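J.:
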Amino acid sequence: MLYGEYDRHLARIEQQLGISLSSRGNQITLSGPSDAVAVARATLNALYDRLGRGLSVDSAEVDAALRFATNAVAEGDTRAESQFGGSAAIQTPRRHVSARTPGQKDYINALRKNELVFGIGPAGTGKTYLAVATAVSMFVSGQVDRIILSRPAVEAGERLGFLPGDMRDKIDPYL
Numbered sequence: 009m010l011y012g013e014y015d016r017h018l019a020r021i022e023q024q025l026g027i028s029l030s031s032r033g034n035q036i037t038l039s040g041p042s043d044a045v046a047v048a049r050a051t052l053n054a055l056y057d058r059l060g061r062g063l064s065v066d067s068a069e070v071d072a073a074l075r076f077a078t079n080a081v082a083e084g085d086t087r088a089e090s091q092f093g094g095s096a097a098i099q100t101p102r103r104h105v106s107a108r109t110p111g112q113k114d115y116i117n118a119l120r121k122n123e124l125v126f127g128i129g130p131a132g133t134g135k136t137y138l139a140v141a142t143a144v145s146m147f148v149s150g151q152v153d154r155i156i157l158s159r160p161a162v163e164a165g166e167r168l169g170f171l172p173g174d175m176r177d178k179i180d181p182y183l
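For the sequence shown, our numbering assigns the number 9 to the initial residue and increments by one for each residue that follows.
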């Protein structure tokens, strides 16, 4: 649903951009500062396009669309739907994974175009998740013959970090 349950998606866009959205049937009226209205229009178009492709829209997708739309409008492109997901979408046998930030989109595109990619950044930003999802997608589509997983060398008794479970636990969510 584009509007969200009880129009929550529209309310989220209003709150984030400081504009007013009113809906009557299948029409939405936007009012507020012109730059914020442009971001809202691009956000709604991106979400509508996502629904048209048979994908779901939840609050996380609304936030992602807002980030892409804000970035697109700042660069003079009012078509955030061309940036949101789009070429940076990953299809695995179990789920559809989309970039949620412009940085993630660039990372996915780099993973697809280059043989070796170094991903650095704060914990919890999706580096490993996107890398494995991209690898599984490329493996399933026949672009690569195998996936090689390696782990850092650690001394005996030294903790590897927060990587719970065995290899099967780590890969099964993607297959």
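Beta carbons are placed, not taken as given, at the ideal position from N, Cα and C, and that holds for glycine. Predicted model, so just to flag it, every value in this text is computed and none were measured.
Reducing DSSP to helix, strand and coil, say where residue 125 ends up.
T.: Reduced to three states, the DSSP call for residue 125 is coil.
J.: Can you say whether residue 158 is buried or exposed, counting buried as having 16 or more other CB atoms within 10 angstroms of its CB?
T.: Flag for residue 158 reads exposed.
J.: Ordered along the chain, which non-local residues of its own chain (more than five positions away) have a Cβ less than 6 Å from that of residue 147?
T.: Excluding sequence neighbours, residue 147 sits near 155.
J.: Roughly how many whole angstroms lie between the Cα atoms of residue 52 and residue 59?
T.: Rounded to the nearest angstrom, the two C-alpha atoms are 11 Å apart.
J.: Taking Cβ positions, are residue 77 and residue 54 nearer each other than 9 Å?
T.: Cβ distance < 9 Å, so residue 77 and residue 54 count as in contact.
J.: Have a look at residue 49 and residue 121 and give me their C-alpha separation to the nearest angstrom.
T.: When rounded, the distance between both Cα atoms is 32 Å.
J.: Quick check: the Cα distance between residue 144 and residue 41, rounded to an integer number of angstroms?
T.: Taking the straight line joining both Cα atoms gives about 44 Å.
J.: Am I right that residue 129 and residue 139 are in contact with their C-beta atoms under 8 Å? What's the rounded C-beta distance?
T.: Their Cβ separation, rounded to whole angstroms, is 12 Å, which puts residue 129 and residue 139 out of contact at 8 Å.
J.: Taking residue 21 as part of the alpha helix (DSSP H), name the residues at either end of that continuous run.
T.: Start and end: 16-25.
J.: State the Cα-Cα distance for the pair residue 133 and residue 36, rounded to the nearest angstrom.
T.: The straight-line gap from Cα to Cα measures roughly 33 Å.
J.: By DSSP, does residue 51 sit in helix, in strand, or in coil?
T.: Here residue 51 sits in helix by DSSP.
J.: What does DSSP give as the partner residues of residue 35 in its beta bridges?
T.: Note: residue 35 sits in a beta bridge opposite 32.
J.: Less than 8 Å between the CB atoms is what I'm expecting for residue 136 and residue 116, so what's the real figure, rounded?
T.: With a Cβ gap of about 13 Å, residue 136 and residue 116 do not count as contacting.
J.: Would you identify the three-state DSSP class for residue 105, choosing helix, strand or coil?
T.: It is a strand residue.
J.: Measure the Cβ-Cβ separation of residue 10 and residue 47 and say whether it is below 9 Å.
T.: No.
J.: List the endpoints of the continuous alpha helix (DSSP H) containing residue 146.
T.: Here the alpha helix (DSSP H) through residue 146 covers 135-148.
J.: At the level of alpha carbons, what is the spacing between residue 111 and residue 80?
T.: Near 13 Å, if we compare the C-alpha coordinates of residue 80 and residue 111.
J.: Alpha carbon to alpha carbon, how far is residue 17 from residue 23? Give it in angstroms, no decimals.
T.: Approximately 10 Å, taken between the alpha carbons.
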